[in-house]
Every structure is written in structure tokens, then in C-alpha cells.
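Engineer: Next up is a structure, given as C-alpha cells.
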Amino acid sequence: MVNTQQPLEPSRPPVVAVAVVSMILVVAGGIYTAAYLPHTAPLTPTVILVLLSIGGLAVNAVTLMRLQNFAWDRFFQVGRWALLAYLVIAGMLEYIFIVDGMSGNLLLLFTLMLAIYAVDVPLLLAYSVARYQAVET
Amino acid sequence: MADVAIPAQPGMIGTQAAPRREVQIIPMQGLPIVGIVLAALVAAIAGNWLWALDFFHVVGGGLWTGIDLFVGLVVGPILGRMSIPARQEFAAQFMPKMLLIMPTLVIATLASGFQLARHLNVLAVSYPQHWWITGSFIVVGVMAVIALGFLEPANLAVLFEMRKPQPNGMLIGRLMKRFAYTAGITGVMQLATLIIMTRIATW
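Residue numbers (the numbering used here), protein chains in the order written: chain A, 101 to 237; chain B, 12 to 214.
Below, the structure written as C-alpha cells:
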């Protein structure tokens, strides 16, 4: 039976909002840098965007560590499969950058952006599922 | 992730309860197909084969755009008007397949498109013409944020909610509405993709 009387969810910190902002920052960094191709973009704006995005990930990591009464088993179940899938996708994109002869600081920045993406999306998916799950005691 | 049987909703089909159905998160039988597509994509990129790159970009992009438009502008509004049990029934069959199909289409389209642009020297055009290229990056970026930040989490959360012995109908209804709205937005944004891509292809 479908239960339509349950409350939607308990009050939770804004992990989803922070993860989405972190994703927007890294996507903006990617677009800005790619807009200069085949030339190299001035890297300072990209570095700032990447650092801010890493900051968002760090805030989320701390927030998650402080969460109580949370379905961690479900979080890690979804998270590890999603991480595997997004590591494959990020790995393919990294492969393309290397095949195309990207190197130096630009490659380092794109690798960092892919790493953020490969962690941020699984975190978002895992949290989005686990937040609605009952805590096993 | 394992399948879990959910009880059928009484009264959904005739007067008899429908048989118990399996709610799958990922259709495992589709994984080998995804593996073959990705392996072929890597081979096309490694070989820098123009035909293969063009094939992946045109076929992948056409399917991605078509599915987004159809789901966003046709299926989504219909879904929004369906009862919660009907939405559940539809989601249990539809969403697991989307979890495999869409990421595969997106990675195939983007990876081959980037290589194709380099191969055809499209990236080398100067501004203001280059704005068409930058515009395509922006559209894809916005769609990626919407899909990964809102649509896919809602999709996954619905599937897990339906695995519960007593699914929360209000929650499923709310998440399905989010799915329908975000699918509609990406569907409309795909119109921008069509305009940009047809412009670039006819330079």
C-alpha cells in the first residue's frame, strides 16, 4: 500500500544545495577554459572557481560527518556504485584530454575538475537517496 | 543493486490485485550493451576515425535530443496528470532504463563531439563566430547541472522509495513532479542545442 500520510522528510542540512553550487562552479570553470580552445585561457579565474568548488565539497564532507540518524548503509551502497560509474565517465574524458595532447597546468586543472565532478555527483545521488531512508538501529 | 518485489496496488488493474512486480534500480542486462558502446567510443577516439566520430555524435546527439524533447514535452506533462499509483507503475518500468540510456548517450555525444570539433578544426574559428561553440558549451553545462543536480537524484530517490514495504506516496508524487519539470526544462534547452548544432554544421 502507498502511505500518503507520512511526513516527507526530516529536517536536513543543505547538502544538496551546496553540492549543486559546487557543481555549477566546476562546470563554469570548464566552460570558461574551454571557451578559449584551441588557445590556453588565463588560468586564474579557473583556479579560483576550482578552489571554491573544492571548498563546497569540503563543507559537504564536514556536514555529512556531523549528521546523526542518517541511513549511512544506503548512502554508501548508492555512493560506491555511482562513484564507479562516474569514475568511468571521468576517466574517459581524461583519456580524451591526454589523447588530444593536453599537458601541464591545463591538464592538471581539467583533471581536478573531473575529480570534483566524479566525487560531487555520487555524493549528491547517495545523499538524495539516503535522506529519505529509515535509519537501521 | 538487487531487485526487490513491491506489493501491487489494489484496484489498479480491474478488480484483481496486479501481480507483484520487481523494482529494479539498474537493469543489469543492459550493462554489456553500455560496455560495448563505450569500448567502441574509445576505439573511435583512439583511431580518430571521422566516420565513427560522426556516427557517435550524430546518433548519440539525435537520440539524446529526441528523448529529452519527448520525455520533457510529451511524457512529462502526461505523467504530471496521472494518479500516484499510475506514476509509480510507470516509474518502476521507465526510470531504471533511463538510468542506463541517458548517461551513455551523453558521454558518447560529448566525447565524440569534442573530438569531431578538433578533427574538423571547428574550435579554431575566431570570435564572434566562436560564440556558437561557446554557446553549445554553456547549454550543455546548464543541462548537465539540471540533469545531475535535480533530475537524476529525483529519479533514483523514487526508485528507492518504491522498494520500501510502505512507499510514501506524497514523496513519490513530489519527486516525480520534479522529474517532470526538470525534464521539461532540459527538453526546451535541447531546442537551443538543435539551433546551435545545425548552425555549426552549415558554416
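Note that CB positions come from ideal geometry on N, CA and C, so glycine has one too.
#1: Residues of chain B with CB closer than 7 Å to the CB of A134 of chain A, please, in chain order.
#2: Measure from the C-beta of F67 of chain B to each C-beta in chain A and report whether the shortest distance is under 8 Å.
#3: Between the alpha carbons of L152 of chain A and S122 of chain A, how many angstroms are there, rounded?
#4: May I have the straight-line CA-CA distance separating G41 of chain B from N160 of chain A, to the nearest angstrom?
#5: According to DSSP, is N169 of chain A part of a helix, a strand, or is it coil?
#6: Could you give the residue range of the alpha helix (DSSP H) that holds P96 of chain B?
#7: Rounded to the nearest angstrom, how far is the Cβ of I207 of chain B from that of V150 of chain B, given a contact under 8 Å?
#8: State the start and end residues of the unbroken alpha helix (DSSP H) segment that holds A218 of chain A.
#9: Between B:G87, B:A103, B:A122, which has its C-alpha nearest Y195 of chain A's C-alpha?
#10: Would you verify that the beta carbon of F125 of chain B is, or is not, closer than 8 Å to some beta carbon of chain A?
#11: Determine the burial state of Q168 of chain A: buried for a count of at least 16 other Cβ atoms within 10 Å of its Cβ, exposed for fewer.
#12: Starting from the Cα of M187 of chain B, find the closest Cα among B:Q201, B:V199, B:L170 and give me that residue.
#13: So, does the stretch 142-151 of chain A touch the stretch 179-195 of chain A, judging by three or more C-beta pairs under 8 Å?
#14: Does the beta-carbon of V199 of chain B have 16 or more other beta-carbons within 10 angstroms, so that it is buried, or is it exposed?
#15: Report yes or no: is there a C-beta of chain A within less than 8 Å of the C-beta of L167 of chain B?
#16: Does the beta carbon of A29 of chain B come closer than 8 Å to any beta carbon on chain A?
#17: With a threshold of 8 Å between beta-carbons, can F190 of chain B be considered close to chain A, or not?
Structural biologist: So, to answer that:
#1: In chain order: F148.
#2: At a cut-off of 8 Å, the C-beta of F67 of chain B has no neighbouring C-beta in chain A.
#3: About 7 Å.
#4: Answer to the nearest angstrom: the Cα atoms are 33 Å apart.
#5: Of the three classes helix, strand and coil, the one that applies to N169 of chain A here is coil, per DSSP.
#6: P96 of chain B -> alpha helix (DSSP H) spans 95-130.
#7: Correct: roughly 7 Å between the Cβ atoms.
#8: Note, A218 of chain A: alpha helix (DSSP H), 204-230.
#9: Per the Cα distances, B:A122.
#10: Chain A, which has a Cβ nearer than 8 Å to the Cβ of F125 of chain B, makes this yes.
#11: Exposed, since its Cβ has fewer than 16 Cβ neighbours within 10 Å.
#12: Ranking B:Q201, B:V199, B:L170 by Cα distance to M187 of chain B puts B:L170 first.
#13: As far as the Cβ criterion goes, the stretch 142-151 of chain A does not touch the stretch 179-195 of chain A, which means the pair count is below three.
#14: The residue in question, V199 of chain B, is exposed, as its Cβ has fewer than 16 Cβ neighbours within 10 Å.
#15: Yes, its Cβ sits closer than 8 Å to a Cβ of chain A.
#16: At A29 of chain B, the pLDDT of 48 sits below 50, so the modelled position is not reliable; the number obtained from the coordinates is stated separately. It does not: the Cβ of A29 of chain B has no partner Cβ on chain A nearer than 8 Å.
#17: So, not an interface residue.
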